[in-house]
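Residue numbers (numbering that gives the first Met the number 0): 0 to 181.
Cβ atoms here follow ideal geometry from the backbone N, Cα and C, with glycine treated the same way.
Since the structure comes first, as C-alpha cells, the remarks are kept for the end.
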Amino acid sequence: MDHVKVIIVGGGVAGLAAAKTLGCDVNYVLVEAQNYLGGRILTVDPAPNLTVDLGAQYVHGDKKNAVYDICDELDILLSDDEESDDEALVVTTEGKNFKPEVLEKVTDLWERARDKAEEKYEDQATSSSPISFADIVPKEFQKRLSSSSFICKDLIRPFVDYFMKLEMTETSCSSLSDLNLI
0 MDHVKVIIVG GGVAGLAAAK TLGCDVNYVL VEAQNYLGGR ILTVDPAPNL TVDLGAQYVH
60 GDKKNAVYDI CDELDILLSD DEESDDEALV VTTEGKNFKP EVLEKVTDLW ERARDKAEEK
120 YEDQATSSSP ISFADIVPKE FQKRLSSSSF ICKDLIRPFV DYFMKLEMTE TSCSSLSDLN
180 LI
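As C-alpha cells, then:
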C-alpha cells in the first residue's frame, strides 16, 4: 500500500465495521494490537465439543443496532438500571442460560481469590518488588474452581478468562500484569 488514506485503529466490531463501510473504494490499513480480530468478542474451544464465547459484555445503543436487535430477540439483555450492574447473564453456545446460583458460586470464588490477593498485598506492603494482580488472583481462582464440585472442569479456563477480562474492564487496564498490588 503506497498511499494509505485511512488508518483504522482496532480490529474490534467498530474497526471491522469501518473497514466494511470503506470497502474497496478507499485505501486503508487496519491495525490491531491483539493476535486476533474481534476485540472483546472471542470464541474459544477449551475442550472437545465445548465452545465458549468470551467478551462483548456491553451492547451500546438500541437504535439501528443489529447486535442489540439480535440480543433482544434472544432475550439475553439485562436491564440498564443501576441495580443490574452486578448482574451477569452467561449463555451457552446452545442458547441455554447458566443457572444463576452456579454463577453466584463462581463469582464468590472470584471474590475470595481477590480477597486472598489483598491479604498478600498487606503482607508484602513493605516489599520493594512489585506483585501484580495477575501473579496471584488467576492461580488462586483456578485452584478454588478446580476443588469445587459444582463446575465442569472444562469450564475452569473460560471462567478464569471471563473474570480476568471483567477485572480489566472495571480497572481500565489492558493487562492485569500491569496492575500492581504494592
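The alpha helix (DSSP H) that contains residue i, what's its start and end?
| i | result |
| --- | --- |
| valine 159 | 155-170 |
| isoleucine 69 | 65-72 |
| aspartate 134 | 132-145 |
| lysine 152 | It is not in any alpha helix (DSSP H) - lysine 152 carries neither H nor E in the DSSP assignment. |
| valine 12 | 12-21 |
Go to residue i, then tell me how far its beta strand (DSSP E) extends in each direction, as first and last residue.
| i | result |
| --- | --- |
| alanine 32 | Alanine 32 -> no beta strand (DSSP E), and no H or E assigned at all. |
| isoleucine 7 | 5-8 |
| leucine 41 | 41-46 |
| valine 51 | 49-53 |
Quick one: measure Cβ to Cβ for residue i and residue j, integer angstroms, because I've assumed they're closer than 8 Å.
| i | j | result |
| --- | --- | --- |
| threonine 170 | leucine 180 | Actually they are not in contact, since the Cβ atoms of threonine 170 and leucine 180 sit about 12 Å apart, beyond 8 Å. |
| serine 173 | serine 131 | Rounded, the Cβ-Cβ distance is 13 Å, inconsistent with contact. |
| leucine 53 | lysine 164 | 6 Å |
| isoleucine 135 | lysine 115 | 7 Å |
| asparagine 26 | valine 3 | 6 Å |
Using CA atoms only, rank isn't needed, just tell me which of the options is closest to residue i.
| i | options | result |
| --- | --- | --- |
| arginine 182 | Cys70, Phe140, Met167, Thr168 | The question about residue 182 has no answer here: the residues shown for the chain are numbered 0 through 181. |
| leucine 110 | Leu144, Val58, Asp71 | Before going on, a small fix: residue 110 reads as glutamate here, not leucine. Minimum Cα distance to glutamate 110 is reached at Leu144. |
| tyrosine 57 | Asn26, Val3, Cys70, Ala18 | Cys70 |
| serine 78 | Gly94, Gly60, Ala18, Lys95 | Gly60 |
| proline 29 | Ile7, Ala112, Asp114 | This sequence places leucine at residue 29; proline is not what is there. That would be Ile7, whose Cα lies nearest to the Cα of leucine 29. |
| alanine 133 | Asn48, Ala112, Leu76 | Ala112 |
| glycine 22 | Asp74, Val5, Thr168, Glu31 | Val5 |
| glycine 94 | Asp74, Lys63, Leu154 | Asp74 |
| threonine 106 | Glu166, Gly9, Ala32, Thr20 | Glu166 |
| glutamate 31 | Asp153, Glu121, Glu72, Gly10 | Gly10 |
Next item on the list: Would you be able to state if there are at least three C-beta pairs under 8 Å between the segment 43-60 and the segment 159-173?
Entry: yes
Notebook entry, point to check: Per the contact definition of three or more C-beta pairs closer than 8 Å, is the segment 99-107 in contact with the segment 146-155?
Noted result: yes
Note to self: Does the contact criterion of 3 or more C-beta pairs under 8 Å hold for the segment 5-19 versus the segment 31-38?
What the structure shows: yes
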